[in-house]
Amino acid sequence: MADEVKKTQVEDIDRSFYDFRYEVNASFQTDAGLTPEIVKQISEEKNDPEWMREFRLKSLEIYNRTPLPNWGPALDGLNMDGIVTYVRPNTEMQAKWADVPDDIKNTFERLGIPEAERASLAGVGAQYDSEVVYHNVKKEVLEQGVVYTDLESALKSDHAERIREHFMHLVPPTDHKFAALHGAVWSGGSYVYVPAGVSVEIPLQSYFRLNAPGAGQFEHTLIIVEEGAYLHFIEGCSAPKYNVANLHAGCVEIFVGKNARVRYSTIENWSKNMYNLNTKRAVCEAGGTIEWVSGSFGSHTSCLYPMSVLKGEGARMEFTGITFAGNGQDLDTGAQVIHAAPNTSSHIVTKSIAKDGGVSNFRSAVAVTRDAKNSKSAVSCESLMLDERSRSDTIPVMDIACDRVDVGHEAKIGRISEEAVYYLMSRGLTEEDARALIVGGFAEPIAKELPLEYAVEMNNLIHLEMQGSIG
Amino acid sequence: MSQALLNVRDLKVAVEEKTILDGLNLTVCPGEIHVLMGPNGAGKSTLAAAIMGDPRYTIEGGSIEFEGEDLTDKAADVRARKGIFLSFQAPQEIPGVSLESFLRTALGAVQGKQPKVMAFRRALAEKMELLNMDASYSERYLNVGFSGGEKKKAEILQLLTLQPKLAMLDETDSGLDVDAVKTVAEGIKAYHNENNALLIITHNAKILEGLDVNYVHVLDDHHIVHTGGPELVEQITAHGFAGLLKGADQNGG
Numbered sequence: 012m013a014d015e016v017k018k019t020q021v022e023d024i025d026r027s028f029y030d031f032r033y034e035v036n037a038s039f040q041t042d043a044g045l046t047p048e049i050v051k052q053i054s055e056e057k058n059d060p061e062w063m064r065e066f067r068l069k070s071l072e073i074y075n076r077t078p079l080p081n082w083g084p085a086l087d088g089l090n091m092d093g094i095v096t097y098v099r100p101n102t103e104m105q106a107k108w109a110d111v112p113d114d115i116k117n118t119f120e121r122l123g124i125p126e127a128e129r130a131s132l133a134g135v136g137a138q139y140d141s142e143v144v145y146h147n148v149k150k151e152v153l154e155q156g157v158v159y160t161d162l163e164s165a166l167k168s169d170h171a172e173r174i175r176e177h178f179m180h181l182v183p184p185t186d187h188k189f190a191a192l193h194g195a196v197w198s199g200g201s202y203v204y205v206p207a208g209v210s211v212e213i214p215l216q217s218y219f220r221l222n223a224p225g226a227g228q229f230e231h232t233l234i235i236v237e238e239g240a241y242l243h244f245i246e247g248c249s250a251p252k253y254n255v256a257n258l259h260a261g262c263v264e265i266f267v268g269k270n271a272r273v274r275y276s277t278i279e280n281w282s283k284n285m286y287n288l289n290t291k292r293a294v295c296e297a298g299g300t301i302e303w304v305s306g307s308f309g310s311h312t313s314c315l316y317p318m319s320v321l322k323g324e325g326a327r328m329e330f331t332g333i334t335f336a337g338n339g340q341d342l343d344t345g346a347q348v349i350h351a352a353p354n355t356s357s358h359i360v361t362k363s364i365a366k367d368g369g370v371s372n373f374r375s376a377v378a379v380t381r382d383a384k385n386s387k388s389a390v391s392c393e394s395l396m397l398d399e400r401s402r403s404d405t406i407p408v409m410d411i412a413c414d415r416v417d418v419g420h421e422a423k424i425g426r427i428s429e430e431a432v433y434y435l436m437s438r439g440l441t442e443e444d445a446r447a448l449i450v451g452g453f454a455e456p457i458a459k460e461l462p463l464e465y466a467v468e469m470n471n472l473i474h475l476e477m478q479g480s481i482g
Numbered sequence: 041m042s043q044a045l046l047n048v049r050d051l052k053v054a055v056e057e058k059t060i061l062d063g064l065n066l067t068v069c070p071g072e073i074h075v076l077m078g079p080n081g082a083g084k085s086t087l088a089a090a091i092m093g094d095p096r097y098t099i100e101g102g103s104i105e106f107e108g109e110d111l112t113d114k115a116a117d118v119r120a121r122k123g124i125f126l127s128f129q130a131p132q133e134i135p136g137v138s139l140e141s142f143l144r145t146a147l148g149a150v151q152g153k154q155p156k157v158m159a160f161r162r163a164l165a166e167k168m169e170l171l172n173m174d175a176s177y178s179e180r181y182l183n184v185g186f187s188g189g190e191k192k193k194a195e196i197l198q199l200l201t202l203q204p205k206l207a208m209l210d211e212t213d214s215g216l217d218v219d220a221v222k223t224v225a226e227g228i229k230a231y232h233n234e235n236n237a238l239l240i241i242t243h244n245a246k247i248l249e250g251l252d253v254n255y256v257h258v259l260d261d262h263h264i265v266h267t268g269g270p271e272l273v274e275q276i277t278a279h280g281f282a283g284l285l286k287g288a289d290q291n292g293g
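Residue numbers (the working numbering), protein chains in the order written: chain A, 12 to 482; chain B, 41 to 293.
Structure follows, in structure tokens:
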């Protein structure tokens with residue numbers, strides 16, 4: 012994290028921190044399930060332009076004819092007929108927290124968002140169920156020509172044409188079943204535009220909160236960063252626990268211009284009834300850099316493999332990720348990269364932790380096209396299993412069509428060394444603290460890449476997860 | 041004689057069902073320095089490990105009392121918080137945990153409250169200077185990539201920070217160059233006072249320079265077979281264990 016940024020604070024995290032919930036107080040919500048009528052209803056409710064309405068209906072067709080993926084975690088618990096795809100919170104989007112209704116404002120207060128905004132963010136967007144309820148950007152940032160708003164407002168602005176040219180071009184609805192679903196029922200999310208040469212020194216942050224039970228959240232984030240510009244975008248997600256399945260099928264598309272740099276940090280801390288089937292993709296023009304920092308802790312099931320397309324010569328990607336799967340969780344995460352131009356480079360470093368029967372699998376896909384000579388790719392994945400019941404696998408795929416490249420893969424799977432535990436105990440630490448310290452140390456190289464409040468949160472989470480783990 | 045700090049009575053210790061120690065007795069009082077010598081494989085490290093509470097060793101008989109309290113069945117962390125410390129021959133590497141944050145956590149555990157950050161930092165810097173450790177080591181991951189000598193210095197740094205009542209040093213001098221042995225000896229001298237005690241396992245008289253050794257024990261045949269004064273160190277250094285091993289007079293301290 013940049014030094015000039017004032018550190019924010021997150022106090023006192025435990026699971027109850029996220030588990031509060033308010034009565035659903037929606038101004039409109041669709042029936043459960045998915046029909047053309049429901050999609051039309053959403054489109055009408057959102058006052059879509061005509062092309063978007065058609066796009067939604069076409070996506071629905073694709074959704075209906077596309078089978079579920081035949082690989083990865085089981086999705087049996089997800090009954091689409093039971094998912095409410097659109098829940099409009101009972102408010103318009105506000106630019107002042109004071110104008111946000113109390114139950115919603117209190118939610119974000121408890122999550123520390125307004126405080127973080129005051130301390131260290133250039134702009135904040137907050138989504139509650141299907142719609143963005145708060146959006147505000149610092150004046151200095153706006154004066155540089157930066158646009159940061161919800162996608163619906165942007166669609167009605169002079170950016171409409173630009174959105175039409177980019178929206179779901181990187182992740183088309185034909186990509187997979189949940190991309191099609193997203194195309195049909197997407198709602199909320201963010202639109203960010205950074206003009207050429209502008210460096211947004213302080214991060215922008217969007218926070219997604221799903222409050223309604225049995226609902227889906229399908230926010231769309233579209234980020235366009237022009238030549239030579241810089242942006243750090245942070246995304247946080249959480250939800251209270253319900254005993255029916257919730258679904259998150261968001262989509263993130265990032266366009267990195269020539270010699271531009273984008274850093275995208277995200278912490279997913281959904282409750283353990285959530286299916287998190289999120290699709291993220293970036294394309295980098297010549298000399299552009301995309302940096303992903305990704306932490307996955309929550310959800311019942313996750314499939315998350317951000318892809319970077321290195322389209323221009325000399326484009327770079329870095330991916331730093333950590334996944335922590337506990338009891339009942341199946342977290343399938345990883346990263347994908349396509350080297351499509353000469354002298355491109357990718358560097359993927361991930362750590363995964365599994366405990367209490369949790370499953371944490373890492374998938375990587377590295378493709379190098381014929382044109383990508385002198386490209387480099389390094390993948391390193393380390394797993395730590397905290398007990399006999401937990402599982403962790405590494406599934407690397409490489410597709411190399413060019414012989415002048417340097418591609419490396421390294422995987423390490425291990426357990427906590429009992430000798431290390433004894434060593435720390437001989438210095439006075441309890442067994443629980445000793446184990447938590449070792450796990451925290453394992454995660455540290457990733458934690459230091461996270462925005463500080465998330466690093467603190469991750470550390471607290473590790474300690475929380477380690478409590479009572481000594482049998 | 042003041043109250044004993046450590047009282048080991050009739051101790052029997054096995055590892056993987058093989059008896060290493062049997063009928064071992066040892067008493068250490070505050071202010072004393074004990075040296076434990078003996079041939080390789082006699083069980084010197086086993087004794088230190090058993091006193092520290094290494095779970096790989098099974099105590100099959102006898103007892104370990106510390107300040108009058110029976111700790112025979114207690115885990116290593118309880119013993120550490122009572123004031124027992126062991127400088128390991130091969131300290132573990134803990135990636136991702138800086139030496140400084142580890143020491144602060146450990147001191148907090150031993151004292152029962154977290155030390156103040158700035159005061160702790162100052163005190164740590166002083167101790168590192170005494171041990172000729174570069175200041176950058178406090179930010180490095182605990183023992184990761186440390187040379188043999190650096191690891192041993194880091195052990196002595198922990199000793200100086202945690203200020204235990206009983207410090208056991210298991211061949212802390214082995215593999216060190218002459219200057220490093222001198223530095224470690226300085227560290228031990230800085231630690232020792234009339235209220236704490238040392239049990240030093242060594243083959244090397246150098247580390248004892250400048251220390252007032254009270255007792256030298258020779259361990260062989262599962263227990264202590266000979267106990268003498270500091271003159272024994274020179275004798276063993278010059279002539280080996282001849283005449284001191286099994287069959288010789290047994291005189292447990």
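Glycine residues also receive a C-beta, built at the ideal position from the N, C-alpha and C atoms.
- At a C-beta separation below 9 Å, Leu-111(B) has no neighbours in chain A, since its nearest C-beta there lies roughly 13 Å away.
- Here the alpha carbon of Glu-179(B) sits roughly 19 Å from the alpha carbon of Ala-447(A).
- A straight line joining the alpha-carbon of Leu-45(B) with that of Lys-192(B) spans about 25 Å.
- Between Asp-367(A) and Asp-398(A) a beta carbon distance of about 7 Å is seen, short of the 8 Å cut, so the two are scored as contacting.
- Neighbourhood of Asp-444(A) in chain B, by CB distance below 9 Å: Asp-117, Thr-145, Ala-149, in chain order.
- In the DSSP annotation of this structure, the continuous segment of the beta strand (DSSP E) that includes Val-53(B) starts and ends at 46 to 55.
- Contact between Val-379(A) and Ala-352(A) is ruled out by a C-beta separation of about 10 Å, above the 8 Å threshold.
- Residue-level contact check: Tyr-465(A) does not touch chain B, since none of the beta carbons of chain B fall below 8 Å from its beta carbon.
- Three or more beta-carbon pairs separated by less than 8 Å link the segment 283 to 296 of chain A to the segment 251 to 269 of chain A, which places the two stretches in contact.
- If you check each beta-carbon in the segment 416 to 444 of chain A against every beta-carbon of chain B, the ones closer than 8 Å belong to Ser-428, Glu-429, Glu-430, Ala-431, Tyr-433, Tyr-434, Leu-435, Met-436, Ser-437, Arg-438, Gly-439, Leu-440, Thr-441, Glu-442, Asp-444.
- Collapsing the DSSP output to three states places Lys-192(B) in a helix.
- Taking the CA atoms as reference points, Lys-387(A) sits about 14 Å from Glu-421(A).
- A buried status is given to Val-148(A), since no fewer than 16 other beta-carbon atoms sit within 10 Å of its beta-carbon.
- In this structure the segment 96 to 105 of chain A does not touch the segment 120 to 128 of chain A; the number of beta carbon pairs closer than 8 Å is below three.
- Ile-134(B): member of the beta strand (DSSP E) spanning 134 to 138, first to last residue.
- Arg-402(A) and Ile-473(A) have their C-alpha atoms some 18 Å from each other.
- For Ile-449(A), the chain B residues whose C-beta falls within less than 7 Å of its own C-beta are Ile-134, listed in chain order.
- For the segment 190 to 224 of chain B, the set of positions with a beta-carbon nearer than 8 Å to some beta-carbon of chain A reads Gln-198, Leu-202 in chain order.
- With respect to Thr-331(A), Ser-307(A) sits apart: the two C-beta atoms are not nearer than 8 Å.
- With a threshold of 8 Å between beta carbons, Leu-139(B) makes no contact with chain A.
- Sequence-ordered contacts of the segment 328 to 343 of chain A with chain B are nonexistent [C-beta pairs closer than 9 Å].
- Bridge pairing for Leu-397(A): absent [DSSP].
- Taking every protein chain shown into account, the CB of Arg-381(A) has fewer than 16 other CB atoms within 10 angstroms, so this residue is exposed.
- Put simply, the CB of Ala-278(B) is far from chain A, with every gap to its CB atoms at 8 Å or more.
- When rounded, the separation of the alpha-carbon atoms in Pro-70(B) and Asn-236(B) is 5 Å.
- Ranking Ala-293(A), Gly-227(A), Arg-129(A) by CA distance to the CA of His-180(A) puts Ala-293(A) first.
- For Ala-120(B), the uninterrupted alpha helix (DSSP H) segment begins and ends at 116 to 122.
- Taking a beta-carbon distance threshold of 8 Å, Phe-453(A) counts as an interface residue toward chain B.
- Considering only Leu-285(B), Ala-245(B), Ile-241(B), Leu-209(B), the residue with the shortest C-alpha distance to Tyr-231(B) is Leu-209(B).
- For the C-beta of Asp-94(B), the chain A residues within less than 7 Å are, from N- to C-terminus, Tyr-433.
- Contact annotation, Arg-438(A) with Ala-90(B): C-beta distance approximately 18 Å; criterion of less than 8 Å not satisfied.
- In terms of Cβ geometry, Leu-143(B) and Gln-198(B) form a close pair [threshold 8 Å].
- In this chain, the beta strand (DSSP E) harbouring Lys-58(B) covers 58 to 68.
- For Pro-125(A), the enclosing alpha helix (DSSP H) begins and ends at 124 to 131.
- Closest option to His-187(A), judged by alpha-carbon separation, among Tyr-139(A), Asp-161(A), Tyr-74(A), Ser-210(A): Tyr-74(A).
- Cβ-Cβ separation between Ser-127(B) and Ala-207(B): approximately 7 Å, consistent with a contact (criterion under 8 Å).
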